[in-house]
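To start, the structure under review is shown below, and the notes come after it.
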Amino acid sequence: MAHTMSGVVPDEICTLSVWSEDAVRLSDVLAALEAMRKPEPMPPTRTSVLTLVVVATKASSADRAEQALHELGGRHPARVLTLLVDRDTAAAHAPGGLDAHLTLLGSEAEGHPVWFEDVRLTVRGRVIDHLDSLVEPFTIPDLPVVVWFVDGLPTPDEALLEAADVVLVDARDFGDTDCFATLAELRARPLVDLSWHRLRPWRELLASLFERPDTRPFLRGVRSVRVAGRTGPRHLLAGWIADRLQVPTPEVHLEPAEHVSIEVICEIDGRHGRFEVVRTSDERVVRARASVTDGATSEALVPLPDLSPAWGLASALSSLDRDEVYEGALAKALVLASR
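Adding 5 to a residue's 1-based position in the sequence shown gives its number in our numbering.
See the structure below:
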């Protein structure tokens with residue numbers, strides 16, 4: 006059994022121009038952005054495949070998100086707008102304010118030089134309630150708008166959701182099971198979860214254990230499931246198994262752990278089977294094992310891909326359509342989290 010999963014190899018990226026100013030109007034920002042695009046020398050091609058809006062309440066969260074995007078280089082060039090929402094320094098009825106930092110970046114895509122922009126706006130005051138009005142001037146016609154909530158989930162009535170074609174989140178970052186109810190309410194538009202994409206190696210490995218002719222029948226006889234891992238990812242993974250194999254939720258058991266592991270116990274026609282996908286140490290390998298009564302035991306050690314933020318983003322930004330399998334897993338995860 007062989008699995009090859011390539012990581013993200015960042016292309017070289019360079020800064021072409023920077024503009025920064027505090028207490029500015031949105032029109033000033035747009036004028037400065039337009040002026041940045043004109044001086045020579047410039048790479049011949051400006052490219053964007055989407056508008057990505059990063060919403061953060063902490064500067065450290067915004068920095069990490071932008072760094073992950075930069076590591077992608079020209080692989081997913083986007084117009085990136087970061088909204089750093091400063092709720093601590095302004096009363097609800099204070100006048101709105103913007104601080105702006107613009108960066109023009111250069112890289113390569115398929116051997117051709119390209120350029121794209123990062124825009125960071127620190128937002129204060131009443132304008133926080135109208136973030137959608139800040140996004141619209143930065144969008145590119147006919148390209149999707151992806152809104153990434155990096156350190157908190159929006160309420161279902163968040164105005165910014167109206168500007169989003171796709172909502173990007175990471176269930177691992179929220180640290181509790183309350184997020185699943187909110188995520189379920191956000192499914193009116195495609196919802197992309199970085200945790201779901203990072204769990205792909207475990208899902209693929211578990212599915213591969215049932216590909217043999219002597220193990221496939223055990224899919225009809227699942228008796229119990231155990232999933233260990235961090236809050237959020239373990240619920241999604243367990244929800245996926247429960248949904249796809251129609252396992253009653255009382256037979257699904259969750260345990261906290263640093264690394265993800267899965268155990269599926271089956272019985273069919275008096276024969277027993279144990280199927281495991283386990284990562285037990287800090288080594289970047291996963292052990293996949295299938296053992297059945299009166300049958301061969303198979304085991305494989307599979308190296309993990311680079312599960313960095315950039316790897317997860319590369320996978321997520323390549324899959325922006327609605328994912329019915331994820332939605333089924335999310336619905337079951339909500340049930341599991343509510344027990």
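For glycine and all other residues, C-beta sits at the position ideal for the given N, C-alpha and C.
Remember, predicted model here, so these are calculated numbers, not experimental data.
In its own chain, which residues sit with a C-beta less than 7 Å from the C-beta of residue i, not counting the 5 before and 5 after it?
i, result
"Asp328", "none"
"Asp326", "Pro195"
"Ala7", "Reliability fails at Ala7, whose pLDDT of 27 lies under 50, so the model's placement of it is uncertain and the value that follows must be treated cautiously. Nothing meets the Cβ criterion."
"Ala186", "Leu339"
"Arg225", "Ile273"
From the DSSP output, which residues share a beta bridge with residue i?
i, result
"Cys271", "Val227 and Gly278"
"Phe102", "Residue identity differs from the one stated: residue 102 is Gly in this sequence, not Phe. Per DSSP, Arg129."
"Val257", "Val230"
"Val58", "Leu86 and Val152"
"Val124", "Leu86 and Leu107"
"Trp24", "Leu107"
"Asp198", "Val174"
"Leu306", "Arg292"
"Val297", "Gly278"
When we look at the beta-carbon of residue i and count the other beta-carbons within 10 Å, is it buried (16 or more) or exposed?
i, result
"Arg129", "buried"
"Pro308", "exposed"
"Val330", "exposed"
"Leu306", "exposed"
"Arg92", "exposed"
"His202", "buried"
"Lys337", "buried"
"Gly275", "exposed"
"Pro159", "buried"
"Ser25", "exposed"
"Asp198", "buried"
"Arg344", "exposed"
Out of the options, which has the shortest C-alpha to C-alpha gap to residue i?
i, options, result
"Ile133", "Gly278, Leu103 and Glu71", "Leu103"
"Thr20", "Phe121, Ala338 and Gly278", "Phe121"
"Ala212", "Asp33, Trp245 and Arg192", "Trp245"
"Phe154", "Ile145, Cys184 and Asp219", "Cys184"
"Ile273", "Phe223, Leu165, Val291 and Arg231", "Phe223"
"Glu76", "Asp311, Ala301 and Ala293", "Asp311"
"Pro314", "Lys43, Ala70 and Leu31", "Ala70"
"Phe179", "Asp27, Asp162, His240 and Asp137", "His240"
"Asp33", "Pro142, Gln72 and Asp248", "Pro142"
"Glu268", "Glu190, Arg208, Asp27 and Gly116", "Arg208"
"Thr298", "His135, Val282, Thr285 and Gly278", "Gly278"
"Ala262", "Pro253, Pro238 and Glu256", "Pro238"
"His135", "Leu158, Ser112, Asp162 and Arg217", "Asp162"
"Glu167", "Pro253, Ser138 and Ser320", "Ser138"
Does the distance from the CB of residue i to the CB of residue j come in under 8 Å?
i, j, result
"Ile270", "Arg205", "no"
"Leu89", "Ala64", "yes"
"Ser200", "Ala176", "yes"
"Leu349", "Val290", "The question about residue 349 has no answer, for the chain in this structure spans 6 to 344."
"Leu86", "Val119", "no"
"Ala67", "Arg125", "yes"
"Leu339", "Ala189", "yes"
"Val23", "Thr127", "no"
"Ala219", "Ala334", "According to the sequence displayed, residue 219 carries Asp and not Ala. No. Outside cutoff."
"Thr236", "Asp181", "yes"
Which same chain residues end up closer than 6 Å to residue i when comparing Cβ atoms and leaving out the 5 residues on each side of it in sequence?
i, result
"Leu55", "Ala83, Leu148, Pro149 and Val151"
"His264", "Arg284"
"Met10", "With a pLDDT of only 30 at Met10, under the threshold of 50, the placement of this residue in the model should not be trusted, and no figure is reported."
"Arg292", "Val283 and Leu306"
In its own chain, which residues sit with a C-beta less than 8 Å from the C-beta of residue i, not counting the 5 before and 5 after it?
i, result
"Ala28", "Gly102, Leu103 and Asp104"
"Leu110", "Ile18, Cys19, Thr20, Leu21, His75, Trp120, Phe121, Glu122 and Asp123"
"Glu332", "Arg192 and Leu196"
"Thr302", "Arg294, Ala295 and Ser296"
At a Cβ threshold of 8 Å, is residue i touching chain C?
i, result
"Val155", "This model lacks chain C altogether, as it is built from one protein chain only."
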